[in-house]
Amino acid sequence: MVFEQVSTGGDRNFGYFLADTEGGCSAVIDPSGRPDLFFELNDRYRTELKYVICTHDHFDHTGGAQELARQSSALVVMHKITGDRADLPVDDGEELVMGSVILKVIYTPGHTADSICILCRDILLTGDTLFVGKVGGTDLGEGARAEYDSLHRKLLKLADETKVYPGHDYGVAASSTIGREKKTNPFILQKNFEDFVSLKANWAEYKRQHGIN
6 MVFEQVSTGG DRNFGYFLAD TEGGCSAVID PSGRPDLFFE LNDRYRTELK
56 YVICTHDHFD HTGGAQELAR QSSALVVMHK ITGDRADLPV DDGEELVMGS
106 VILKVIYTPG HTADSICILC RDILLTGDTL FVGKVGGTDL GEGARAEYDS
156 LHRKLLKLAD ETKVYPGHDY GVAASSTIGR EKKTNPFILQ KNFEDFVSLK
206 ANWAEYKRQH GIN
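Laid out in structure tokens, this is it:
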């Protein structure tokens, strides 16, 4: 299996390329306005693009998705609540087969109502749900509650060895693991939902006090 993390510019965005070279097929996750970079990867590995997956319906993630689909036989994959924005609407627990590679959809509302993460073997693509040392932006009400539940009921239930690859290069490193985030991410370390929301509300001051960019 080929896996590449791609810096796409914008707001320090990351996109991802996954391929089963033996089966000759590939997937792009969050093309982030740079379809050219993923066409190059597809050509390099001589694969046929099968899926263009968007972790949520924000342009800094979906940009370029339609162009990739138009110039290939790929399907644009998004959570089902996005409606006709997706060629292939998906929901929690569904699997996308790409040769010998299986991509599992984990529905993680919070940052947006349609947010999904993608699990492939020990690789977790977290979009804007979980960053290295941070979490996705939300309101301080229903969005925060949904994100808290998505993190604790779904992502943090995965094996500690699971590798975390976020949608932006916002943290101290380009990737992490579930185990490391459990030990170091200040949002994950909060004892309860109320403390989680309080940290969100006071994040700017927390960053100032702790020297976080």
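Residue numbers (our numbering): 6 to 218. Quick reminder that beta carbons are idealized off the backbone N, C-alpha and C, glycines included.
In the DSSP assignment, N18 forms a beta bridge with G14 and H173. Annotation for E72: the continuous alpha helix (DSSP H) segment containing it runs A70 to R75. The beta carbons of C125 and I111 sit about 11 Å from each other, so the pair does not count as a contact at 8 Å.
Sequence-distant partners of V177 (beyond 5 residues in either direction) whose C-beta falls short of 8 Å from its own C-beta, in its chain, are V137 and G138. For T67, the enclosing alpha helix (DSSP H) covers residues F64 to T67. DSSP places T117 in the coil class of the three-state scheme, outside both helix and strand. Between the beta-carbon of E53 and that of G29 there is about 6 Å, and that keeps the pair under the 8 Å contact cut. For H157, the uninterrupted alpha helix (DSSP H) run begins and ends at E147 to R158, by DSSP. I183 sits close to D165, with the two beta carbons spaced by under 7 Å.
Shown here, E27 sits in coil according to DSSP, grouped into three states, outside any helix or strand.
Taking S181 as the centre and dropping the five residues before and after it, the same chain places the C-beta of V137 and V169 closer than 6 Å to its C-beta, in chain order. Per DSSP, the unbroken alpha helix (DSSP H) holding K187 starts and ends at I183 to T189.
L73 sits buried, since 16 or more C-beta atoms from the chains shown fall within 10 Å of its C-beta. DSSP places T60 outside both helix and strand once states are collapsed to three, so it counts as coil.
In terms of Cβ geometry, I34 and Y21 form a close pair [threshold 7 Å]. For A206, no pairing in a beta bridge is given by DSSP. Between P171 and T113, the gap from beta carbon to beta carbon reaches 7 Å or more. If you check the CB distance, V7 and T26 come in under 7 Å.
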